[in-house]
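S.K.: Handing you a structure now.
2 protein chains.
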Amino acid sequence: MVSFTLKQLRYFEALARHRHFGHAADVCAISQPALSMQIKELEGSLGAALFERSARSVRLTGFGEEFAARAREILRAVDELSELARAARDRLSGRLRIGIIPTVAPYLLPAIIGELSRLFPGLDLNLRETITPRLIRELTEGRLDTAVVALPISERGLAEVPLFSEEFVLVRPHGDAGKPVPDRESLREMRLLLLEEGHCFRDQALSFCDLRHARPRELLDGSSLATLVQMVGAGIGVTLIPEMAVAVETRSAPVSVVRFADPAPQRTIGMIWRNTSPLARQLAEVADVVRAAAAKTRDVGKAQAGMPGAG
Amino acid sequence: MVSFTLKQLRYFEALARHRHFGHAADVCAISQPALSMQIKELEGSLGAALFERSARSVRLTGFGEEFAARAREILRAVDELSELARAARDRLSGRLRIGIIPTVAPYLLPAIIGELSRLFPGLDLNLRETITPRLIRELTEGRLDTAVVALPISERGLAEVPLFSEEFVLVRPHGDAGKPVPDRESLREMRLLLLEEGHCFRDQALSFCDLRHARPRELLDGSSLATLVQMVGAGIGVTLIPEMAVAVETRSAPVSVVRFADPAPQRTIGMIWRNTSPLARQLAEVADVVRAAAAKTRDVGKAQAGMPGAG
DNA sequence: TATATCGATAAGCAGAGCTGATGGTGAGCT
DNA sequence: AGCTCACCATCAGCTCTGCTTATCGATATA
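First to last, the sequence lines map onto chains A and B.
In this text, residue positions in the first sequence follow the numbering used here: the first is 511, and each later residue adds one.
In this text, residue positions in the second sequence follow the numbering used here: the first is 511, and each later residue adds one.
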């Protein structure tokens, strides 16, 4: 296999341009003998002469001309590649695959997308919304770069950083507004509407109500928080939703929202990624952005909803 | 300036394909540590990670994916370049710029072109027909690779190899056939038609007739041997032409051709090239081909013309 | 003939890059 | 839980590449 080096190609290109060993060597920041040797080496490995040396002139051979044209193409591509690396080095850019759980996605995504696009113009955001187990699987398999989920995950091999905590609030028919805030025990007496199996939020809600092993007929599963709230508005039952969903979901339904008394149920949303991910540093940066976006979203949400405080 | 080597690119490509340091190292015929170090080095010089290593798997990062695509393009171009060199190494190929003097070109070119094209399919023949001084100039300036001229040239810096020698023959009107063969002295009494100034053949003919300083009105200049022969046919005078031109030029004119008695005038046709030409080896090969082609042409010419022998 | 220019060559040295051995870590089996 | 295996990173040592300075040889110039 004929083999030459990029260095030789660069030296060659310089010599082809200057047609003078001394000058070309200066440009390459090496001594003239070094250039002579590398050119000789290159010609040797090619098995053909690139230059025709006479005492007074250095000329490209016909083969050298063609070689030079192609060599320049290659060097251009190589420089482009270096440029690509330089661009990708610090600034987050290129494809970034983020997974988000469904009980966060609708409320956080607009802000996340907006902020990330604004801060990292070269970013190609690739979003995936599904339940935690699938996110974890896709993350560990390398099909996602990071995911926004409820902590803790405690999956070995995955790093997790908290973003924010949010309380769960009770959503009940509008007519119930003003009634006393139910505690965990009285919740069990109500018809609780929950998300389908697989959603972590369902498990968290059940856990709060100590209803882990509730009889199925007491519950009714919805496929999204929006559905649940609409069902509550229709008087079918009550439900829990995370604080962040309040502004969006309770706007168009005759429901009332109330916080629980301490200890109020809550969850911590965080970001996770592989411990081995080379993007770790940039992902931490992304986490900061998401955290800020979430705070902003919650503030706006509270203002819009005139969120009632319950303690 | 970020800089990596082709070797690193090849190693990287192998690892990107196999996703396994050991296997990739085997393919590259190096040890696993060597591969690890080169990849690490590459990532270091790029300032970004190409692979994500975990204990059980080696995966390309997003950046690595893009890098791999471009790296493969570059490696392909490099291999193509090597291939180009290999093709150019032994077999003569690519552009070959040949100059030929006008008193040889019409008679030798068909055979030369045919033979060279047949023997070197990759050859791009670039022909130039002009007088010797211009050929020499273009040759020394690197605008020609070789030239076919009458020897000797005795130009320092140019190598010359003889191809063949050919006699000059006398062309006289058809009615003169059978008349005694004139010697050099009697030639001076005839009206001699010659090529314009600058043609070496003119000088050679004049030299033979010892007419170096002949009075202009005794001569008549033609721009080609064909013209001269037609003029002879019209009874305007006599001329000398090289043996090789006989078959072609005397076919369509009422002229007779006769050889001179010994010592017959003659010239040696040869090939010349720059001493510094890297094509020297291949040009010597071309010389062999041209020599053979010339011999063949002369044989065919003699047979066709029923060339009269005069000695 | 003397001088300047320019590429090739020589000698010596620093460092790149390879090998074989070893370390560390996570996965899977018992 | 502990053992073992697979796999990549690291280390020490050696070889050879590739650089430098100094010098040579050839050629054009004055």
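Where is the CB? At the ideal position from N, CA and C, for every residue including glycine.
1) For G487 (chain A), does the count of other Cβ atoms within 10 angstroms reach 16, so buried, or fall short, so exposed?
2) Do the CB positions of G745 (chain A) and P690 (chain A) come within less than 8 Å of each other?
3) Got a sec: is the Cβ-Cβ distance from I663 (chain B) to anything in chain A below 8 Å?
4) Taking its Cβ as the centre, do 16 or more other Cβ atoms sit within 10 Å of R727 (chain A), making it buried, or is it exposed?
5) Please state whether the Cβ-Cβ distance between R638 (chain B) and G609 (chain B) is less than 8 Å.
6) Could you check if V739 (chain B) is buried or exposed, using at least 16 other CB atoms within 10 Å of its CB as the buried criterion?
7) Could you work out which residue in A:F718, A:I751 and A:P672 is closest to L793 (chain A) when comparing CA atoms only?
8) With H, G and I counted as helix, E and B as strand and the rest as coil, what does DSSP make of E523 (chain A)?
9) I'd like to know if R627 (chain A) contacts chain B, where contact means its C-beta is closer than 8 Å to some C-beta of that chain.
10) Counting only Cβ pairs nearer than 8 Å, list the residues of chain B close to E583 (chain A).
11) Leaving out the 5 sequence neighbours to the left and right, which residues in its chain are closer than 6 Å to G632 (chain A) when beta-carbon positions are compared?
12) 8 Å is my cut-off, CB to CB: does M817 (chain A) come that close to chain B?
13) If you run the structure through DSSP and keep just helix, strand and coil, what is R647 (chain A)?
14) Indicate whether the contact test is met: 3 or more Cβ pairs, each with one atom in the stretch 766-782 of chain A and one in the stretch 698-707 of chain A, closer than 8 Å.
15) Any contact of the stretch 795-810 of chain B with the stretch 611-621 of chain B, i.e. 3+ C-beta pairs under 8 Å?
16) Counting only C-beta atoms, is G604 (chain A) closer than 8 Å to chain B at any point?
17) For chain B, check one thing: does any of its Cβ atoms lie closer than 8 Å to the Cβ of T807 (chain A)?
18) What are the residues of the stretch 785-797 of chain B that lie near chain A, defined by any Cβ-Cβ distance shorter than 9 Å?
19) Could you check what DSSP says for P616 (chain A) in three-state terms: helix, strand or coil?
20) Please classify V810 (chain A): is it buried, with 16 or more other beta-carbons within 10 angstroms of its beta-carbon, or exposed?
21) To the nearest angstrom, how far is the alpha carbon of E465 (chain A) from that of L560 (chain A)?
22) Could you give the C-beta distance for L754 (chain A) and R712 (chain A), rounded to a whole number, given that I count them as a contact under 8 Å?
23) Measure the beta-carbon distance from A715 (chain B) to L750 (chain B) and round it to whole angstroms, keeping in mind my assumption that it falls under 8 Å.
24) State the Cα-Cα distance for the pair F770 (chain A) and S675 (chain A), rounded to the nearest angstrom.
25) Do the stretch 779-791 of chain B and the stretch 550-567 of chain A meet, that is, are 3 or more Cβ pairs less than 8 Å apart?
26) What are the residues that DSSP puts in a beta bridge with G604 (chain A)?
27) Thinking C-alpha only, which one of A:E665, A:I641, A:S696 and A:T613 is nearest E677 (chain A)?
28) How about V568 (chain B) and L519 (chain B): do their beta carbons lie closer than 8 Å?
29) Taking 8 Å as the CB-CB cut-off, is A559 (chain A) touching chain B?
30) Distance check for E625 (chain B) and P643 (chain B), CA to CA, integer angstroms please.
31) Checking contacts by CB at 8 Å: is G572 (chain B) closer than that to chain A?
M.R.: Reading off the structure:
1) Since the first residue of chain A shown is 511 and the last is 821, residue 487 (chain A) is not available in this structure.
2) no
3) no
4) Unreliable positioning characterises R727 (chain A) in this predicted model, as indicated by a pLDDT of 47, which lies under 50. The coordinate reading is nonetheless provided below. Result: exposed.
5) yes
6) buried
7) A:P672
8) helix
9) It is worth fixing the name first, because residue 627 (chain A) is Ser in this sequence and not Arg. So, not an interface residue.
10) A587
11) S603
12) Residue placement at M817 (chain A) is poorly supported in this model, since its pLDDT is 48, which falls under 50; the coordinates are not used for a value here.
13) helix
14) no
15) yes
16) yes
17) no
18) N785, T786, S787, P788 and L789
19) helix
20) exposed
21) Here chain A comprises residues numbered 511 to 821, so residue 465 (chain A) is not present and cannot be evaluated.
22) A small correction: the amino acid at residue 754 (chain A) is Met; Leu does not occupy that position in the sequence shown. Not a contact, Cβ separation roughly 17 Å.
23) 5 Å
24) 15 Å
25) yes
26) A:L633
27) A:T613
28) no
29) yes
30) 27 Å
31) yes
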